[in-house]
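Take a look at the structure below.
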Amino acid sequence: MILQKFLITNKVEILALCEAKTKTLAGLRGDSEQLRLGLPLFYDQLIRVLVEKLSEGPPEAMLRTAAHHGKEYLRLGYSLSHVVHSYGAMCQSITELATMKDARISPADFNILNGCLDVAIAAAVSEFQFRSNEASEEREIQHLGFLAHELRNALSSATVAHEMIKAGLVGSGGSTATVLEANLARMRNLIDRSLSEVRMRADSDIFVEKFRLSDLLDQIVITAKVDANKKQQTIIVEADWKIEMEGDRQFILSAIANLIQNAIKYSKSAGTIWLRSHLSEGNVFIEVEDQCGGIQTDKISSLFEPYLQANTDRSGLGLGLSITQRAVHLSAGKITVQNKPSIGCTFTIELPLKVSPGPSQKLAVPGEVSVQPDLRKKT
């Protein structure tokens with residue numbers, strides 16, 4: 010069989026060409042020994058199929074190799090298209106080299122080759138999807154567990170403070186009352202952020218209402234200071250307190266609160282976090298600057314993907330930046346990040362001062378509770 014002999018003779022060249030193509034597809038993404046060995050192993054198994062003329066189709070070993078390949082691509086943060094194109098790169102490499110060397114490979118041999126590649130792609134894609142869904146379900150459970158844990162902590166602190174005030178052990182205007190107020194605000198913030206997430210998953214309607222930005226920032230900072238104090242961090246607010254906006258208050262609150270929580274989580278202990286806002290040419294700019302130490306260059310392009318985290322701290326929601334980006338986009342705005350290696354990051358949200366509700370969007374009526382919309386699917 011000409012194809013089989015061609016593959017054996019030109020193995021080094023074909024694999025080198027294939028590796029170059031897959032590296033181009035990968036860009037700055039990570040690599041691993043398992044990933045590097047995956048295609049050569051598959052290549053040897055492909056030759057075996059051609060040598061033994063296995064009429065029953067690719068052997069189990071080939072399917073296992075492809076499945077492991079798909080699993081490794083997921084672990085390293087590749088997309089599903091990378092899985093498919095990695096095998097496509099092998100087919101292209103074989104075809105290109107065969108053309109260059111004028112190898113007369115029959116259509117029947119190419120059909121066998123394409124059949125093996127199709128089966129391998131299917132096995133790799135199936136494993137990739139299975140592992141992806143499995144990981145997603147696990148992260149959802151962790152997400153709900155974190156939310157319940159945070160709510161329980163806030164409720165416990167608020168309950169203790171309330172009981173002390175109720176029993177007359179402390180005054181109603183002292184530090185205990187401040188603890189009660191802060192934890193009630195924290196619960197409200199957690200619930201608001203969760204409602205925003207559910208709303209963004211259920212539909213893309215926005216509920217436009219007029220509000221003062223300073224009130225929103227106050228609510229966020231009061232809650233955030235509970236976590237910041239645990240790490241001896243300082244939150245400095247440099248805001249234009251006169252700004253009044255028209256937009257989806259809940260979405261905007263969620264976007265800013267997630268950035269602040271992200272800054273607290275990743276910034277060093279005893280560090281400083283800055284929250285700034287200003288108005289320019291009819292747009293509102295909101296900045297959150299942290300001291301996280303900067304982001305790895307290869308992580309920046311996928312920073313807003315759900316559950317991706319830029320350092321080794323795996324605690325928390327894992328959804329913050331993804332929710333922020335979604336909320337900002339639904340509010341007709343945009344978000345950018347300025348990375349300062351070894352120092353930190355500055356996230357900037359740019360929003361229109363006034364969002365005009367479209368045909369499918371809603372305008373909040375004064376006095377109407379707009380933070381708890383109907384989440385049922387429209388029929």
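Add 9 to a position in the sequence shown, counting from 1, and you land on the number used in this note's numbering.
Using N, Cα and C, we set each Cβ at its ideal position, and we do this for glycine too.
In the DSSP assignment, what residue or residues form a beta bridge with residue i?
i    : result
D257 : V217
H287 : F294
L360 : V293
A248 : S286
K343 : E359
T243 : T281
With DSSP run on the structure shown, which of helix, strand or coil describes residue i?
i    : result
C27  : helix
S351 : coil
I114 : coil
K32  : helix
I200 : helix
S141 : helix
I304 : coil
F313 : coil
A129 : helix
L55  : helix
A176 : coil
S181 : coil
S95  : helix
S166 : helix
S276 : coil
Whole angstroms is fine: what's the gap from residue i's alpha carbon to residue j's?
i    : j    : result
T31  : L24  : 10 Å
E28  : A98  : 8 Å
S286 : V293 : 7 Å
N320 : A266 : Unreliable placement is indicated for N320, whose pLDDT of 48 sits below 50; no coordinate value is reported for it.
F313 : A163 : 28 Å
A341 : I332 : 14 Å
Q347 : E359 : 14 Å
I215 : F260 : 8 Å
S263 : K240 : 22 Å
D227 : Y275 : 22 Å
T345 : K80  : 32 Å
S115 : Q138 : 35 Å
L330 : F356 : 10 Å
E143 : L153 : 16 Å
D224 : M254 : 11 Å
A117 : R57  : 17 Å
K308 : E172 : 47 Å
L160 : I231 : 16 Å
How would you write the range of the alpha helix (DSSP H) that residue i sits in, first residue to last?
i    : result
A233 : 222 to 239
F15  : 11 to 18
Check the C-beta distance from residue i over to residue j and give it rounded, since I have them as a contact under 8 Å.
i    : j    : result
S166 : V134 : About 48 Å; that fails the 8 Å criterion.
V297 : A279 : With a Cβ gap of about 18 Å, V297 and A279 do not count as contacting.
I244 : I282 : 5 Å
G353 : Q270 : Going by Cβ atoms, the distance from G353 to Q270 rounds to 15 Å, so no, they are not a contact pair.
V235 : R195 : 6 Å
L362 : G291 : 5 Å
A112 : I11  : 7 Å
I252 : L288 : 6 Å
Is any non-hydrogen atom of the ligand MG found closer than 7 Å to the C-beta of residue i, if you look at the structure I gave you?
i    : result
V235 : Annotation note on the ligand MG: not contained in the displayed structure, which lists no ligands.
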